Amino acid sequence: MKLVIIGGNGGTGALLAKLAREANHEVTVVSRSAAHAADEQITHIQADASDPLLAAQAIAGADAVAITVGGSKGKQNARTSVTRSVVHAIEQNGPKRLLIQSSLGAGNSGTQLPGVIGFVSKVLLAKPLADDTEQEKLVENSALDWSIVRPTGLNNKPALGKWTALQVGESGRLGGTITRHDLAAFMLQTLENEQSIHKAYGISN
1 MKLVIIGGNG
11 GTGALLAKLA
21 REANHEVTVV
31 SRSAAHAADE
41 QITHIQADAS
51 DPLLAAQAIA
61 GADAVAITVG
71 GSKGKQNART
81 SVTRSVVHAI
91 EQNGPKRLLI
101 QSSLGAGNSG
111 TQLPGVIGFV
121 SKVLLAKPLA
131 DDTEQEKLVE
141 NSALDWSIVR
151 PTGLNNKPAL
161 GKWTALQVGE
171 SGRLGGTITR
181 HDLAAFMLQT
191 LENEQSIHKA
201 YGISN
């Protein structure tokens with residue numbers, strides 16, 4: 001598929017881009033900052049996707065879009081701003097398939113937060129989680145074929161090649177962390193799986 005990753009210049013987005021290319025997908029990365037290194041197999045576009053016109057240009061011709069943006073220093077509700085712009089662009093002319101990286105604790109997933117992490121997250125991460133929640137609402141209220149992935153705490157350890165992914169209400173328990181490598185692998189699987197449409201997953205190692 002032709003995949004556009006919004007915010008894929010670093011972190012999980014960059015890993016998702018790499019895995020998608022290795023799976024022979026055509027990948028375009030859209031980021032406000034220039035690419036860290038040239039990659040002839042991945043197209044890089046430097047643009048602010050919160051601009052509706054730039055977002056529409058970036059996703060033109062895509063089969064699927066993934067939003068992996070994080071918080072932006074000095075900019076409130078960065079995730080919501082980008083997601084609103086991208087959802088509007090997709091609804092006008094783009095593909096219906098959309099995946100967003102949110103955070104565990106956003107939306108209705110507070111009950112999935114493990115132990116003391118739940119209390120700490122609600123207190124210290126109140127503003128980022130509010131941004132994620134608003135982002136999720138925009139996606140869920142759209143007419144798109146969306147999926148939401150809500151990781152626990154992220155780390156840069158080597159991939160374990162396994163994880164636990166649960167919808168709210170499913171039996172099982174999530175842990176406190178997940179490697180970015182494993183998160184990216186799950187996100188690619190989610191994009192490729194039609195059974196994940198209109199589902200939100202909490203995920204941890």
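First residue of the sequence shown: 1, per full-length UniProt numbering; consecutive thereafter. Cβ coordinates follow ideal geometry from the N, Cα and C atoms, glycine included. Since we're looking at a predicted model, the values are computed, not measured.
{"Check": "Residue ranges of each beta strand (DSSP E) run of no fewer than 3 residues wholly in the stretch 18-59, ordered along the chain?", "Outcome": "26-31, 42-46"}
{"Check": "Closest to residue 180 by CA distance: which of 194, 193, 160, 145 is it?", "Outcome": "160"}
{"Check": "With a Cβ-Cβ cutoff of 8 Å, do residue 183 and residue 174 count as a contact?", "Outcome": "no"}
{"Check": "Which class does residue 173 belong to by DSSP, given the choice of helix, strand or coil?", "Outcome": "coil"}
{"Check": "Any idea if residue 76 is buried or exposed, counting beta-carbon neighbours within 10 angstroms, 16 or more meaning buried?", "Outcome": "exposed"}
{"Check": "Report the three-state DSSP secondary structure of residue 152 (helix, strand or coil).", "Outcome": "coil"}
{"Check": "Would you mind sorting residue 195 into buried or exposed? The rule is 16 or more other CB atoms within 10 Å of its CB.", "Outcome": "exposed"}
{"Check": "What residue range does the beta strand (DSSP E) around residue 100 cover?", "Outcome": "97-101"}
{"Check": "If we count the other Cβ atoms within 10 Å of its Cβ and call it buried at 16 or more, is residue 171 buried or exposed?", "Outcome": "exposed"}
{"Check": "Could you compute how far the alpha carbon of residue 60 sits from the alpha carbon of residue 177?", "Outcome": "35 Å"}
{"Check": "Give the straight-line distance between the Cα atoms of residue 168 and residue 51, rounded to the nearest whole angstrom.", "Outcome": "33 Å"}
{"Check": "Counting along the chain, where does the alpha helix (DSSP H) carrying residue 191 start and finish?", "Outcome": "180-192"}
{"Check": "Rounded C-beta distance between residue 42 and residue 29? I'm assuming under 8 Å.", "Outcome": "6 Å"}
{"Check": "Skipping 5 residues on each side, what residues in its chain have a beta carbon closer than 7 Å to that of residue 89?", "Outcome": "52, 55, 56, 59"}
{"Check": "In terms of alpha-carbon separation, which member of 26, 8, 19, 15 lies closest to residue 47?", "Outcome": "8"}
{"Check": "Roughly how many angstroms separate the alpha carbons of residue 69 and residue 127, rounded to a whole number?", "Outcome": "15 Å"}
{"Check": "Helix, strand or coil, according to DSSP, for residue 164 in the structure here?", "Outcome": "strand"}
{"Check": "Going by DSSP, name the residue or residues bridged to residue 138.", "Outcome": "Answer by DSSP bridge pairing: none, since residue 138 is not bridged."}
{"Check": "CA-CA distance, residue 101 and residue 157?", "Outcome": "19 Å"}
{"Check": "Taking the C-alpha atoms as reference points, what is the distance between residue 65 and residue 4?", "Outcome": "5 Å"}
{"Check": "Can you give me the C-alpha to C-alpha distance between residue 207 and residue 147, rounded to a whole angstrom?", "Outcome": "Coverage of the chain is limited to positions 1 through 205, which leaves residue 207 absent and any answer about it impossible."}
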